[in-house]
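Protein chains in written order, with this note's numbering: chain A, 28 to 366; chain B, 111 to 781. Heads up, the thing below is written out as structure tokens.
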């Protein structure tokens, strides 16, 4: 009898495996567990007719088998129900639909550039300083060794506000304000807005941003200037950037330099961005002029230093290949949301 | 300064391609901006910095090239045969203002034949972008470009009294310049005059009346040194400039004055014929003071971070025509040539050495060590604020500080004083410094609406400029202005989120504020712990119509420094409660006058320890509520730190709260 039961068990398993619809499962159920004529029930009904020593064990085994088959049938039903529902459903979930978006706020690209450059100079142990945008002529010119009626003022066309007030045309003003307040050593950068009455075109705006830098200490040399600015350029433009330091003139530095980097657009081959020279000017720099130290009361024999300045819009335009400076101040959200 | 590649070879032999020449000049500090082919020649446009007037002539540039290629500088011969007649018998020169004209020379050339220049001369003049006029004008231009010393030729027979007087102009005098412009002269200006009238504005431009013409026979050739500042001031005042004024205001070489005059006289003899009168009138009050500078090798090497030897330095200086007087172990004593007015200190010589030696030879290395940078609270609060506000979906904008009168049209936010005026604006309608940011945000919103962007949730963090008495320095106020499209309470929520993220604990109060920019109803002054934090409101109908907005934006403008002063970025930690909270939702019916702040304040004033929060739900007016009344719904959150609250305790507290509200405002529990 036991062998018979295990045969039935195997048979039931096979039958269920072959049942591919809920109807087929129901047929299997009826065949094995049906009240009338179900194989298991027939066995249980036949138990009283067995010899007494077999009745108990056969009853137990039959009941266990009944439970087991019931469970298989239930599993098969669930499985088929899932399958049938899916195959019958008219609606299909489209996995390719776009995700839902919460509004995402963007920082202005100029802010992002300033933040990045502040980060680089923080790593190089520079403090961040700020100065007023409306300045006294003294800070914009005289203290920076740019005397009145001197052609060097021509490089700094300026908005005047009367009573010796002006809108600063360079962030170099902050050099003077910091040196007036503090004694060396000084290592700082000063980002901010500057203003020039330039005719507005694709390359010129009447308001733009500069970052000024200054280091003053005993024994600071032109080598240090080259080192710091090289680290900056490698950090901002990439390790493989090439640099060129050229002699130039600024009234508040001596010697002065302009610094070019290899054009990032054409990789030095020559294109319209670099006027086909392969080089793009990105920084002005130099050793602080002794006249400036004298003005702020530093001992120019004891202390030396270097200063540098860069245009934030220009760096941002180079980074992203932006060809019109006006885009920064029109604040078209279709532009701003790209950054 | 435009230079012809072929012409430059007259003054120094070099065997460099035009590209190499341009690169070498650029590396020596004379940036070549452009190279343009002209016939069989090239024109190099060189950017000469304002400290190097000596390079505003071919010879000056050639001096640099000779240094670069280590060849000889070739100076043209200026010897000529003069006639027997002495210049002093023909004319006189009186310099009345020796300060503004320290040196004036005059030569007379008689019986010249005016005509077009020979082809070679025209070609040279043309190669650097000048227009040939006649042989005399072309020669003076040629010598100016060659030497950097401006010259002027007068038609001698047109000078009244046959004399030259260098004097200040009289107020009210006028002169028509060669280019046709009418000059209204004042006594600050220096003129060259004959016995009757000004015939040239000194150093800037000659007059039309005495200009050399086809009929000219006799010439007075002027070569002078004028005070750079006066030339510059006069040129700016008259809005008149020329190749001459450009050089004089940068300081021409006082020792080149006579050389250039002789060079031009010789060329005139050769090209236009005639006779040069014997001698020169040279009114020279310049003291020939030698500028001597001492250069220490130790200083040079420490400032540059170099280890350059003395022979190299000596060679560089000598090639630049600095005269070495004496040499000791560490020092050079050097005489500076007259054309290098920019060199008068040790550091100027150091620059010369560095420049010629090559900046590329200076090593990239550093002695400066690490140091701790200072914390900057402003930057930290800025960073935090921007990250919060970006997180809430607002885009940052940066707008111009210079605005038009629009900023006054709908009322002022921070001050009623007129904005500070720019005296030399570039756009006539935009000439004021902004006194608020809000109006600029409206313009940005408008711009975007015009381009089809209907929603502009934007903010700006920048300075405004509040005028002070007596044209003093303005107060530069750092402001945070936000424009939101989701309604008043949503924008107020943005402000509250910023405050809470900056851990600002002071209470924020909204006080009704009448103000043209905002609607009469939704317009408030925001106060934080007694100080004015700023203003918030929904734009008034008038403003919306004015800008033709299709939405109803709200604007908040905050004094950012109040946030900086009150921010607590260190923060603090509050324990997560151990016992569960019990919430009770209430709806009370009140008069219209009763405001949420009163209700909340009343509950807070009871100082019930286990109240953990009072959360507003909504205000309802409608059919189920008596007319003229409103229903305010809110949630009370109760919690104790040491136990789980029992329901009957909370019931009692809720009863107490209702009773107090009822006594204070006559409110009733909504049925």
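Beta carbons are placed, not taken as given, at the ideal position from N, Cα and C, and that holds for glycine. Every value quoted in this text rests on a predicted model; they were computed, and no experiment measured them.
- Residue nearest to residue 340 of chain A within the set A:332, A:334, A:349 and A:333 is A:349 (criterion: CA-CA distance).
- Around the C-beta of residue 195 of chain A, 16 or more other C-beta atoms lie within 10 Å, and the residue is accordingly described as buried.
- At a cut-off of 9 Å between beta carbons, residue 130 of chain A contacts chain B.
- Annotated three-state conformation of residue 606 of chain B is helix, per DSSP.
- Annotated as distal: residue 460 of chain B and residue 328 of chain A, with beta-carbon spacing of 9 Å or more.
- In the DSSP secondary-structure assignment, residue 151 of chain B is bridged to B:148.
- Against chain A, the CB of residue 198 of chain B has no partner CB under 9 Å away; the residue lies outside that interface.
- Under the DSSP assignment, residue 411 of chain B falls outside any beta strand (DSSP E), being part of the alpha helix (DSSP H) whose first and last residues are 407 to 414.
- Using beta-carbon distances, residue 608 of chain B does not count as an interface residue toward chain A, since no partner is under 9 Å.
- In chain B, no part has a C-beta under 9 Å from the C-beta of residue 57 of chain A; the shortest such distance is about 54 Å.
- With contacts defined by Cβ atoms closer than 9 Å, residue 682 of chain B and residue 740 of chain B do not form a contacting pair.
- In the structure shown, the three-state DSSP call for residue 533 of chain B is coil.
- Contacts with chain B at 9 Å (Cβ-Cβ) do not include residue 147 of chain A.
- Bounds of any alpha helix (DSSP H) do not take in residue 320 of chain B, whose DSSP letter is neither H nor E.
- Listed in chain order, the alpha helix (DSSP H) runs fully inside the segment 429 to 514 of chain B are 456 to 467 and 487 to 501, counting runs of at least 4 residues.
- In this structure, residue 249 of chain A sits away from residue 571 of chain B, with a CB-CB distance that is not shorter than 9 Å.
- At a cut-off of 9 Å, the C-beta of residue 351 of chain A has no neighbouring C-beta in chain B.
- Within the segment 250 to 306 of chain A, the complete beta strand (DSSP E) segments of 3 residues or longer fall at 270 to 277 and 280 to 289, listed in chain order.
- Shown here, residue 762 of chain B sits in a helix according to DSSP, grouped into three states.
- In this structure residue 615 of chain B is exposed. Its beta-carbon is surrounded by fewer than 16 other beta-carbon atoms within 10 angstroms.
- Scanning chain A for C-beta atoms nearer than 9 Å to the C-beta of residue 138 of chain B yields 273 and 274, reported in chain order.
- Residue state for residue 159 of chain B is assigned as coil, using DSSP reduced to three classes.
- Of all residues in the segment 573 to 592 of chain B, the ones placed with a Cβ closer than 9 Å to any Cβ belonging to chain A are 573, 575, 580, 581, 582, 583, 584 and 586, in chain order.
- Among the residues of the segment 244 to 277 of chain A, those with a Cβ less than 8 Å away from any Cβ of chain B are 244, 246, 247, 248, 249, 250, 251, 253, 254, 255, 257, 271, 272, 273, 274, 275 and 276, in the order of the chain.
- Boundaries of the beta strand (DSSP E) harbouring residue 726 of chain B: 721 to 730, taken from the DSSP string.
- Residue range 49 to 60 is occupied by the alpha helix (DSSP H) that includes residue 50 of chain A, with no beta strand (DSSP E) assigned at that position.
- Per DSSP, the continuous beta strand (DSSP E) segment holding residue 589 of chain B begins and ends at 585 to 594.
- By the rule that beta-carbons nearer than 9 Å mark a contact, residue 147 of chain B does not touch chain A.
- Beyond the five residues adjoining it in sequence on each side, residue 134 of chain A comes within less than 8 Å, by CB distance, of 142 and 366 in the same chain, given in chain order.
- The beta carbons of residue 382 of chain B and residue 197 of chain B sit no closer together than 9 Å.
- Non-local C-beta neighbours of residue 649 of chain B in its own chain, meaning closer than 6 Å and more than five positions away in sequence, comprise 663, ordered along the chain.
- Neighbours of residue 402 of chain B in chain A, taken as residues whose beta carbon is under 7 Å from its own, are absent, since the nearest beta carbon is some 18 Å off.
- Shown in chain order are the members of the segment 460 to 473 of chain B whose Cβ falls below 7 Å from a Cβ of chain A: 460, 461, 464, 465, 469, 470, 472 and 473.
- The DSSP assignment places complete alpha helix (DSSP H) segments of no fewer than 4 residues inside the segment 635 to 661 of chain B at 651 to 657, in order along the chain.
- For residue 148 of chain A, the three-state secondary structure derived from DSSP is helix.
- Here residue 565 of chain B is not near residue 657 of chain B, since their CB atoms are 9 Å or more apart.
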